[in-house]
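A.B. asks: Got a structure for you, written out below as structure tokens; questions coming shortly.
2 protein chains.
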Amino acid sequence: VAAGDGARLGELLEPMHSADIADLLEQVDSGRRREILLLAPWHFDGEVLSELDETLREEVIAFLPPEVLAEAVRDLDSDDVVDLIEDLEPPQQEAILDALEDADRVAVEQALGYPEYSAGRLMQREVVRAPEHWTVGETIDHMRANKKTLPDQFYHVIVVDPGIRPVGYVTLGKLLSAKRSVPLTDILEDSFRTIPVTQPGAEVAYLFKQYHLISAPVVDEGGRLVGVITIDDAMNVLDEEHEEDYLRLAGVGDTSLSDKVLTTAKGRFPWLMVNLVTANVAASVISQFEATIQQIVLLAVLMPIVASMGGNAGTQSLAVAVRALATRDLTASNTWRVVRREALVGVLNGLAFGAMMGAVVALWFGEPMIGAVIAVALLLTLIGAAVGGVLIPIALERAGVDPAVASGPFVTTITDIVGFFVFLGIATMVLL
Amino acid sequence: VAAGDGARLGELLEPMHSADIADLLEQVDSGRRREILLLAPWHFDGEVLSELDETLREEVIAFLPPEVLAEAVRDLDSDDVVDLIEDLEPPQQEAILDALEDADRVAVEQALGYPEYSAGRLMQREVVRAPEHWTVGETIDHMRANKKTLPDQFYHVIVVDPGIRPVGYVTLGKLLSAKRSVPLTDILEDSFRTIPVTQPGAEVAYLFKQYHLISAPVVDEGGRLVGVITIDDAMNVLDEEHEEDYLRLAGVGDTSLSDKVLTTAKGRFPWLMVNLVTANVAASVISQFEATIQQIVLLAVLMPIVASMGGNAGTQSLAVAVRALATRDLTASNTWRVVRREALVGVLNGLAFGAMMGAVVALWFGEPMIGAVIAVALLLTLIGAAVGGVLIPIALERAGVDPAVASGPFVTTITDIVGFFVFLGIATMVLL
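Respectively, the protein sequence lines represent chains A and B.
Oh and the first sequence: position 128 is 130 in my numbering, straight run, nothing missing.
Oh and the second sequence: position 2 is 4 in my numbering, straight run, nothing missing.
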């Protein structure tokens, strides 16, 4: 298709949603992407750019003619422009800012002045507000008169005092169904809460989820209304947080399928490096028992079983604890109960798997004493892994470190060390 | 506080949001929970029950007097009632259904007739609809006249044909700002799309995220409007999906901090069992090389390093691939490109860590030949892990299995087997 026929390509792109056009651009390789962009640049409006993966955005923007770009960003709400340009290089940022009208430009520049990942970056500045003495009728008349300046999507009219400080909000549903003479202050919602402009995005997302908010006004230090955050912004933040936690559990940092090979390799390097160091510590534990292994080689055969069972059990506890900390289900008041519960889970599974593995070694390999050793080692390792898996993230959280970062690889190698030490240590004591 | 003074407890609970009351109940132990419930049952309305963790819900419901329970559920929207009772035991379900008014009861029973996790379970049946020939004025008058039956939260008026089939929707913002004489069909939204009642919840959540939907009408096989799904429902599904994927990567199934110890231990058992089996396979690989280890014990010391590096690199690739499949960034059209990219990442990191570890063994242990062996083994293992980590989830997805399930533990033990085989195999060939 993309073999020269720009008109035909335009016809095909026309009915597509901007999110799907962005996905299409992400999935073809960069040569093909260039062809598509050169053939039909006018289809790549601001919405497509917003949907595009960050790493591709720079590439695509560099290819678009300036007038197409200017046209593209002019229709976007201020929060979308901020999201679009915050990760671009300064010259590209400038080009886009220059394309905006003066008022929008100021708004975007102010937003960029707030810290990254703060409410100030997430909010849109287009808000629909009404003074507290207005009635339903006055509000509706005002909205009809100012139709052009209303944001694309909004769910509440924010009621403000004379200092433009929010005092409550009214849902559009209530506004539509109430009589014209009803004062706004009679139909305010209970769910109202404001968000400080510097609040981190993750906390904003938590508030939306916990209190089922649809939109919330954002206020500056003086309590004055500066913008509004809507649930779709919160949903995006929540989604990104989850994605990050997931990848961190696997020891991967910020990443994207569109990254270059070298960038990706570098991104994965740090955790593998940490793992190399801890694996060497584990190896040095084993080297303490070289004499024992020399005499009973079966121990070398069996020791990875103890280590990998411990690693998996530890990762299980860790994942549960990290999630519980993130959802605030695990707090100071129930820490002790959760740790005790994990320890008991470790005892139960330790007994089960210790008995199984002990029986296998005793019957299959005909080594009842080594069977007894591995049974005890598995029990102790699984208890240690369960307790460690929950205590490590709790300790990190107390120390002010994000527990999601100290994830999989860390716990796995710690349980390796414990597993090797317990198994080979007991074996040396009992068997030699 | 909860030492007998019900009135004081009531005062404390009064200003709290229902989500916070539910969190409070989840964090105290079961004896204290019972005391709170007995002292002030009237504070535990339907919303608190909705917020409560599923495992605690049964316990709490069993404690509430029937009249409190009946009062509690009567105010909820139908989707919240469905969510509340779908996991309860039949006798408790009956008790709650009996407390509902007839119309609500029928609605809830119909919803329970749809498959679990389908759009039919997520939707609320309270919809605001208007015939396609109405004007803005007629619609507003109708809403004012039927104020009592409007849902708590709604964002669109759904425009239907005479067969109650949705043909579009109008945002409340447009409705408020348009002139009374404008026909509804003139202000329909582009973003309109309907959702089949049997569509799985995960796909519904994907649609909301991809197309930035706020609400979407749900239709039966005949295309007739049966309900509406709103963004907060989609956000919950997305959140649950993420949580599930996260825990699965760690080899944990559905779980909750409120589960009993035995339930938790059982929930973690299956993956540990799988791991025990695969670890035994890995052990049997090692046992093939007992003679080699007997002669060079240093190999037993070093082999866990190869295995754990492979396990971590494999988990990294796996996590990236599973996420990319879930967000549909990884599709048939770019599979080959992604696999090649992962292989190259494996080569780069394999060269880096192989060289490092080889140098350590050669210089620190004074064994240059063993150093060369571990360098080559690390390179091959990291390439294999990177490629396997991405191919395994792709293959599972093609086979119709959720790739998130075949997660961490699986890949880790496979890379163990590969790592041991490559390292000990090369060592046997080269060193003996």
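Ideal Cβ positions, reconstructed from N, Cα and C, are used throughout, including at glycine.
Bear in mind the structure is a predicted one, so any value in this text is a computation, not a measurement.
Is the shortest distance between the beta-carbon of histidine 244(B) and the beta-carbons of chain A less than 9 Å?
C.D. replies: The residue you call residue 244(B) lines up with position 242 of the second sequence. Yes - at least one Cβ of chain A is within 9 Å of the one on histidine 244(B).
A.B. asks: Can you give the Cα-Cα distance for leucine 11(B) and proline 17(B), rounded to whole angstroms?
C.D. replies: By 1-based counting over the second sequence, the position of residue 11(B) is 9. By 1-based counting over the second sequence, the position of residue 17(B) is 15. About 11 Å.
A.B. asks: Put alanine 397(B) into one of helix, strand or coil per three-state DSSP.
C.D. replies: The count along the second sequence starts at 1 and reaches residue 397(B) at position 395. Helix.
A.B. asks: Per DSSP, tyrosine 171(A) forms a beta bridge with which residues?
C.D. replies: Locating residue 171(A) in the first sequence gives position 169, where the first residue counts as 1. DSSP lists Ile160(A) as partners of tyrosine 171(A).
A.B. asks: Show which residues of chain B have a CB atom less than 7 Å away from the CB atom of isoleucine 142(A).
C.D. replies: Numbered from 1 along the first sequence, position 140 holds the residue referred to as residue 142(A). Within chain B, the residues near isoleucine 142(A) are Leu178.
A.B. asks: Whose C-alpha, out of Gly421(A), Ala121(A), Glu344(A), is nearest the C-alpha of isoleucine 288(A)?
C.D. replies: Here residue 288(A) corresponds to residue number 286 of the first sequence, with the count starting at 1. For isoleucine 288(A), the nearest C-alpha among the options comes from Gly421(A).
A.B. asks: Alanine 321(A) and tyrosine 248(B) look like a contact to me (Cβ under 8 Å); what is the Cβ gap, rounded to whole Å?
C.D. replies: By 1-based counting over the first sequence, the position of residue 321(A) is 319. By 1-based counting over the second sequence, the position of residue 248(B) is 246. That belief holds up - the Cβ atoms of alanine 321(A) and tyrosine 248(B) are roughly 6 Å apart, short of 8 Å.
A.B. asks: Quickly, what does DSSP pair glycine 229(A) with across the bridge? List them, please.
C.D. replies: As a position in the first sequence, residue 229(A) is number 227, starting the count at 1. Answer is Val220(A), bridged to glycine 229(A).
A.B. asks: Cβ atoms of isoleucine 396(B) and valine 341(B): under 9 Å apart, would you say?
C.D. replies: Here the question's residue 341(B) lines up with position 339 in the second sequence. Here the question's residue 396(B) lines up with position 394 in the second sequence. Using a Cβ distance threshold of 9 Å, valine 341(B) and isoleucine 396(B) count as a contacting pair.
A.B. asks: For serine 120(A), return the contacting residues in chain B, with the cut-off set at a CB-CB distance below 8 Å.
C.D. replies: Here residue 120(A) is taken as the residue at index 118 of the first sequence, counted from 1. In chain order: nothing, as chain B lies at least about 21 Å away.
A.B. asks: Just curious, the alpha helix (DSSP H) that proline 92(A) is in, first and last residue?
C.D. replies: Residue numbering aside, residue 92(A) sits at position 90 when the first sequence is read from its first letter. If you look at proline 92(A), you'll find it in the alpha helix (DSSP H) that goes 92–101.
A.B. asks: I'd like the span of the beta strand (DSSP E) that includes alanine 132(B), first residue to last.
C.D. replies: Position 130 of the second sequence, counted from the first residue, corresponds to residue 132(B). First-last of the beta strand (DSSP E) with alanine 132(B): 131–133.
A.B. asks: In its own chain, which residues sit with a C-beta less than 6 Å from the C-beta of leucine 99(A), not counting the 5 before and 5 after it?
C.D. replies: On the first sequence, residue 99(A) is found 97 positions in, with the first residue counted as 1. Counting only Cβ-Cβ distances below 6 Å, and skipping sequence neighbours, we find Arg107.
A.B. asks: Is there at least one Cβ from chain B nearer than 9 Å to glycine 203(A)'s Cβ?
C.D. replies: On the first sequence, residue 203(A) is found 201 positions in, with the first residue counted as 1. Not closer than 9 Å to any Cβ of chain B, the Cβ of glycine 203(A) fails to qualify, so no.
A.B. asks: Along the segment 302–315 of chain B, where does the CB come closer than 8 Å to a CB of chain A? Name the residues.
C.D. replies: Under the 8 Å Cβ criterion, the segment 302–315 of chain B contributes Ala302, Val303, Leu304, Met305, Pro306, Ile307, Ala309, Ser310, Met311, Gly313, Asn314, Ala315.
A.B. asks: Whose C-alpha, out of Leu215(A), Leu190(A), Ile23(A), Trp273(A), is nearest the C-alpha of phenylalanine 412(A)?
C.D. replies: In the first sequence, residue 412(A) corresponds to position 410, counting from 1. Phenylalanine 412(A) has its Cα closest to that of Trp273(A), out of Leu215(A), Leu190(A), Ile23(A), Trp273(A).
A.B. asks: Measuring only from the beta carbon, is glycine 352(B) closer than 8 Å to any heavy atom that is part of the ligand ADP?
C.D. replies: Ligands in the displayed structure: none, and consequently the ligand ADP is not present.
A.B. asks: Quick check on the DSSP output: the alpha helix (DSSP H) that includes tryptophan 338(B) runs from which residue to which?
C.D. replies: Taking the first residue of the second sequence as 1, we reach residue 338(B) at position 336. Looking at the DSSP string, the run of the alpha helix (DSSP H) that includes tryptophan 338(B) is 337–366.
A.B. asks: In chain order, what residues of the same chain lie with their CB nearer than 6 Å to the CB of threonine 200(B), ignoring the 5 residues before and after it?
C.D. replies: What you label residue 200(B) is simply residue 198 of the second sequence in a count that begins at 1. Counting only Cβ-Cβ distances below 6 Å, and skipping sequence neighbours, we find Ser120.
A.B. asks: Compute the Euclidean distance between the alpha carbons of alanine 400(A) and valine 407(A), then round it to the nearest angstrom.
C.D. replies: Sequence index remark: in the first sequence, residue 400(A) carries index 398 (1-based). Sequence index remark: in the first sequence, residue 407(A) carries index 405 (1-based). The sequence as given places arginine at residue 400(A); alanine does not occur at that position. If I take the Cα positions, the gap works out to 14 Å.
A.B. asks: Where does serine 32(A) sit, in a helix, a strand or coil, going by DSSP?
C.D. replies: By 1-based counting over the first sequence, the position of residue 32(A) is 30. When DSSP states are grouped into helix, strand and coil, serine 32(A) belongs to the helix group.
A.B. asks: If contact is defined by three or more beta carbon pairs under 8 Å, each pair taking one atom from either stretch, is the segment 290–307 of chain B in contact with the segment 277–287 of chain A?
C.D. replies: Yes: at least three Cβ pairs fall under 8 Å.
A.B. asks: Answer with yes or no whether the minimum CB distance from isoleucine 288(B) to chain A is below 9 Å.
C.D. replies: As a position in the second sequence, residue 288(B) is number 286, starting the count at 1. Yes - at least one Cβ of chain A is within 9 Å of the one on isoleucine 288(B).
A.B. asks: Among the candidates Gln126(B), Ala180(B), Thr151(B), Arg146(B), whose CA atom is the shortest distance from the CA of lysine 150(A)?
C.D. replies: Taking the first sequence and counting its residues from 1, one reaches residue 150(A) at position 148. Ranking the options by Cα distance to lysine 150(A), first place goes to Ala180(B).
A.B. asks: Is there at least one Cβ from chain A nearer than 9 Å to glycine 253(B)'s Cβ?
C.D. replies: Numbered from 1 along the second sequence, position 251 holds the residue referred to as residue 253(B). Answer yes: the Cβ-Cβ gap between glycine 253(B) and chain A drops below 9 Å somewhere.
A.B. asks: Which residues in chain A have a C-beta closer than 9 Å to the C-beta of valine 431(B)? List them in chain order.
C.D. replies: Start at 1 with the first residue of the second sequence, and residue 431(B) comes out as number 429. Strictly speaking, residue 431(B) in this sequence is methionine, with valine absent from that position. Under the 9 Å cutoff, chain A gives no residues; its nearest Cβ is about 19 Å from methionine 431(B).
A.B. asks: How many angstroms separate the CA atom of valine 83(A) from the CA atom of leucine 90(A)?
C.D. replies: One-based indexing of the first sequence puts residue 83(A) at position 81. One-based indexing of the first sequence puts residue 90(A) at position 88. Roughly 11 Å between the two C-alpha positions.
A.B. asks: Candidates Val392(A), Phe355(A), Val228(A), Asp418(A): which alpha carbon is nearest alanine 113(A)'s?
C.D. replies: Residue mapping note: residue 113(A) aligns to position 111 of the first sequence, counting from 1. Of Val392(A), Phe355(A), Val228(A), Asp418(A), the residue nearest in Cα terms is Val228(A).
A.B. asks: Are glycine 175(B) and glutamine 155(A) touching if we call contact CB-CB under 9 Å?
C.D. replies: In the second sequence, residue 175(B) corresponds to position 173, counting from 1. In the first sequence, residue 155(A) corresponds to position 153, counting from 1. Yes, the pair counts as a contact, with Cβ atoms nearer than the cut-off.
A.B. asks: What does DSSP give as the partner residue(s) for glutamine 126(B) in the beta ladder?
C.D. replies: Here the question's residue 126(B) lines up with position 124 in the second sequence. According to DSSP, glutamine 126(B) bridges with Val230(B).
A.B. asks: Would alanine 74(A) and valine 50(A) be called neighbours here (beta carbons separated by less than 9 Å)?
C.D. replies: Position 72 of the first sequence, counting from 1, holds the residue named residue 74(A). Position 48 of the first sequence, counting from 1, holds the residue named residue 50(A). Cβ atoms of alanine 74(A) and valine 50(A): closer than 9 Å.
A.B. asks: For a contact meaning CB atoms closer than 7 Å, what does phenylalanine 194(A) contact in chain B?
C.D. replies: Here the question's residue 194(A) lines up with position 192 in the first sequence. The contacting residues do not exist; phenylalanine 194(A) stays about 11 Å from chain B at best.
A.B. asks: So for proline 17(A), helix, strand or coil by DSSP?
C.D. replies: Taking the first sequence and counting its residues from 1, the one referred to as residue 17(A) is at position 15. If DSSP states are grouped into helix, strand and coil, proline 17(A) belongs with coil.
A.B. asks: Quick check on phenylalanine 423(A) - is its C-beta less than 9 Å from some C-beta in chain B?
C.D. replies: Position 421 of the first sequence, counted from the start, is the residue given in the question as residue 423(A). For phenylalanine 423(A), no Cβ of chain B is located within less than 9 Å of the residue's own Cβ.
A.B. asks: Please confirm whether methionine 275(B) has its beta-carbon closer than 9 Å to some beta-carbon of chain A.
C.D. replies: For the purposes of this step, residue 275(B) is identified with residue 273 of the second sequence, where counting begins at 1. Yes, its Cβ sits closer than 9 Å to a Cβ of chain A.
A.B. asks: Taking Cβ positions, are tyrosine 438(B) and threonine 141(B) nearer each other than 9 Å?
C.D. replies: A query on residue 438(B) cannot be resolved here, the shown segment of chain B reaching from 3 to 434 and no further.
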